[in-house]
Every structure is written in C-alpha cells, then in structure tokens.
Amino acid sequence: MKIMVIQGPNLNMLGIRETQVYGPMKLEQIHAQMKDFAGQNNAEIDFFQSNLEGEIVDKIQECYGEVDGIIINAAAYTHTSIAIRDAIAAVNLPTIEVHISNIHRREEFRKENMIAPVCSSSVVGFGPFGYHLAMIGIMQVIAEIKGMQEQQAQATTQA
Ligand code: DQA
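Taking my numbering, I'd label the letters of the sequence shown as residues 4 to 162.
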C-alpha cells in the first residue's frame, strides 16, 4: 500500500507560525511519526510540501496510477483553489483532507472549503494527531476498496 502526504503553503513553518493555533510540533516531527506508523503497518509513505498551487496540482496528478491514497492539508488553498479540487477529482483516488485547527470555529473565510466535497473524508481540529487519524482512515478506505476489487475479480472468474 502506497500513501502520498501533500502539505500546502506555510505548513513548512509549523512550530514557528501561530503556535497558539497550530501547536509547537514541526512538520518534520509529524512526518517522522507518520513514517513510523506506516512502517508498522507495511505501508509505503512519501511526503511533499509546497507553497505553490501549481506544484500541488502537479503532485496530485503524479499520484495517478502510482499511489493507493492521498492525505492532503491544502492549508490556505483549501478555501480558494478550484485547481486543487479539480486535480483531486481527476485522479479519483481515496483522499483524506486534514486540518490541524478546527476551521469551522475560526474566521468566516475558512468555512468555505473547495476540497472537502471531492475527498473521501475530512479530519479537522485534532491538532497534529489528525494526521495519525487520517492514516488510520486512509488505510481502512484502501483496504475496503482492495477487498471489493478482490471480490469482484473472484465473481468474474466464477461466472
Ligand atoms: C489549516 C487551516 C487553514 O485555514 C490555514 O490557512 C492553514 C492551516 C490547518 O491545518 O488548520 O494554513 O489548513
């Protein structure tokens, strides 16, 4: 099982930026924990962070045919980017979006979400632990899809 983690703008500043909102943990620490958890579950995991919308679109497109699922925190682009939304819809992979803070309890403009409607589900407001929850979630979704595909394949060979 292969998982791609995509991190949007300013998440490279975690541990420095608005620690009262996002906490003290650095992105590298979050990724190290995710890598450990992936290893314990025989999953391959890769990480990508960019401050540029087009680079995030490129990375999502690269996932097509290469990975089984995506975990994405599109950060501020969540609220604005039709291009990232369309890329997620285009590759049609199981995708879980994460937000460290509870975007529903913050400014009005953070309530607009372009990404959520094309994702399998959202994890919001759990702090960095949300990435761990997203990993459990994505592995479950991928396992269910693989199970269904195997059942279908069996049914076709039996027919
Ligand atoms: C964020 C929430 C966004 O509104 C914000 O622009 C971010 C981080 C979060 O993880 O809580 O950069 O996605």
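All residues carry an ideal CB built from backbone N, CA and C; glycine is no exception.
Separation of residue j from residue i, as counted between CA atoms
i	j	result
residue 117	residue 85	6 Å
residue 19	residue 60	26 Å
residue 27	residue 17	7 Å
residue 80	residue 52	13 Å
residue 83	residue 50	23 Å
Residue(s) in a DSSP beta bridge with residue i
i	result
residue 5	47
residue 102	127
residue 76	10
residue 154	Answer by DSSP bridge pairing: none, since residue 154 is not bridged.
Cβ separation of residue i and residue j, assumed to be a contact under 8 Å, to the nearest whole Å
i	j	result
residue 90	residue 48	Not confirmed; about 20 Å, so no contact.
residue 145	residue 122	Incorrect: roughly 14 Å between the Cβ atoms, too far for contact.
residue 102	residue 40	In fact, because the Cβ distance is near 19 Å, the residues do not count as touching under 8 Å.
residue 5	residue 69	7 Å
residue 105	residue 127	6 Å
For the pair the stretch 9-24 and the stretch 70-86, tell me if three or more CB-CB distances fall below 8 Å.
yes
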